[in-house]
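Have a look at the structure below, then the notes.
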DNA sequence: GCCACTAAAATGTGATCACAAAATTTAAGA
DNA sequence: TCTTAAATTTTGTGATCACATTTTAGTGGC
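Protein chains in written order, with our numbering: chain A, 1 to 221; chain B, 1001 to 1221.
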């Protein structure tokens, strides 16, 4: 289970909750391709429970736009469009800038060290072309920063946006690898260390726009 | 049913969907007070269906933070805190500015006229101290503008944020009325008419911050 | 009158069932 | 071989049930 999205590593109180996090994790890890259809009974059998908790978990995920229901009521992994991508990009920029700004006053020695360590993990993953590791480390890096300001509402909005791009990201990674990805983490770290709001904003904006903006029309199907 | 939130006035394809919109509408119209507990069977009886669709609708609404589940698994209308309010405020500012900016290129004579008419309705409601009318007209005014840019993802994020403040808003309205509310719609309309991004942003920011910012600690319970 | 304790009612969760709609497979015809 | 149509299976939705937990009501004691 991805730490950044479930940092407390909690034991799930209900089956529905367990299923929700399992499916969410699978999406983040690129286990589902865009367009792929998901069936309630199939998931229930796979996760060893009745259809009931699956229904509620899927309803929750569609509500976050991590999945979508087709006009024939079938639950599918959404396909991306350029319009959607542009919107997600814009929303991520403004929300993650806000989260980072909110986090800045809480940056101390310890936090900075943790971020540097995570950045190192990202770089190692990039060098080794380890997609799985890169995705996890990158996620941890960003959310560790954002979480410093103890945001709740904004963070869940950001999580929803990451979930929406995850399937496409993995598609692109599998096709082109992770090597030529831009790395704005150094700028971001420097801005964070200095408490320079403007530098942080610029780094986040570039990180997002270069990462998602490079995906052109051809990759969308 | 609030037009701005369900502009197509669609016929609902499933019971679950009908229940979802009915409860959502009730929240927006202030039918539920913060802290109020909602029961599945109770709602099911009231809306004349089995508990099943209600469960899914409530799950969806809690996913949007319009409702929340207590630690004893009871679904309640969330109570507000200053921290949450500040976050919602910040998120609304950046997202609604983004939506408005995206809408500007689509503003034409017709749209401008529609907005003016809605603004008039808001002012009439304010003069007559008609809370119900004010809430509806204000909602329509903002979302009519935002919808021009045909946003999907950002719009649903904004909707979620409005839902979260609705119960508190109504509480404040009932206690203090709607008379002394700030009106930044004139500035906003002028900015929209001119295509002046900066003026629009400023008006939206002030509209949100003066509207929600005036709610101090005492009102929160 | 007020508080602790017990009993009864109500509630959320998960499982199962029925049914109509959709997807898939099979069969038939050209 | 390909297309179309019928038959079969699979699927989502809504209803109902069982059960453990929680909430509420009721009772007794001070």
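Backbone N, C-alpha and C define an ideal beta-carbon position, used for all residues, glycine too.
For residue i versus residue j, is the C-beta spacing smaller than 8 Å?
i               : j               : result
residue 1126(B) : residue 1145(B) : no
residue 38(A)   : residue 1088(B) : no
residue 28(A)   : residue 157(A)  : no
residue 1161(B) : residue 1034(B) : no
residue 1097(B) : residue 1201(B) : yes
residue 1197(B) : residue 1101(B) : yes
residue 107(A)  : residue 148(A)  : yes
residue 131(A)  : residue 173(A)  : yes
Report the option in the options whose CA atom is closest to the CA atom of residue i.
i               : options                            : result
residue 121(A)  : 105(A), 187(A), 109(A), 139(A)     : 139(A)
residue 1212(B) : 1032(B), 1168(B), 1194(B)          : 1168(B)
residue 56(A)   : 174(A), 124(A), 15(A), 166(A)      : 15(A)
residue 1134(B) : 1209(B), 1036(B), 1166(B)          : 1166(B)
residue 205(A)  : 24(A), 105(A), 90(A), 136(A)       : 90(A)
residue 1063(B) : 159(A), 207(A), 111(A)             : 159(A)
residue 36(A)   : 11(A), 61(A), 74(A)                : 74(A)
residue 112(A)  : 69(A), 12(A), 190(A)               : 190(A)
residue 1195(B) : 1210(B), 1109(B), 1061(B), 1137(B) : 1109(B)
From residue i to residue j, what does the alpha carbon distance come to, in whole angstroms?
i               : j               : result
residue 1220(B) : residue 192(A)  : 34 Å
residue 1047(B) : residue 1059(B) : 16 Å
residue 1018(B) : residue 1044(B) : 12 Å
residue 22(A)   : residue 1186(B) : 49 Å
residue 1049(B) : residue 1124(B) : 39 Å
residue 31(A)   : residue 1020(B) : 30 Å
residue 86(A)   : residue 1128(B) : 42 Å
residue 25(A)   : residue 105(A)  : 31 Å
residue 207(A)  : residue 214(A)  : 11 Å
residue 1117(B) : residue 70(A)   : 36 Å
residue 137(A)  : residue 1011(B) : 45 Å
residue 199(A)  : residue 209(A)  : 15 Å
residue 61(A)   : residue 1061(B) : 12 Å
residue 222(A)  : residue 1013(B) : The structure shown has nothing for residue 222(A), since chain A only spans 1 to 221.
Report, in whole angstroms, the separation of the C-beta atoms of residue i and residue j, which I expect to be a contact under 8 Å.
i               : j               : result
residue 41(A)   : residue 51(A)   : 6 Å
residue 67(A)   : residue 76(A)   : 7 Å
residue 203(A)  : residue 188(A)  : 4 Å
residue 1143(B) : residue 1119(B) : Not confirmed; about 13 Å, so no contact.
residue 103(A)  : residue 155(A)  : 10 Å between Cβ atoms; not a contact.
Here's the rule: buried if 16 or more other CB atoms are within 10 angstroms of the residue's CB, otherwise exposed. What is residue i?
i               : result
residue 150(A)  : exposed
residue 1246(B) : A question about residue 1246(B) goes unanswered here, because the residues of chain B that appear run from 1001 up to 1221.
residue 81(A)   : exposed
residue 1054(B) : buried
residue 1083(B) : exposed
residue 1092(B) : buried
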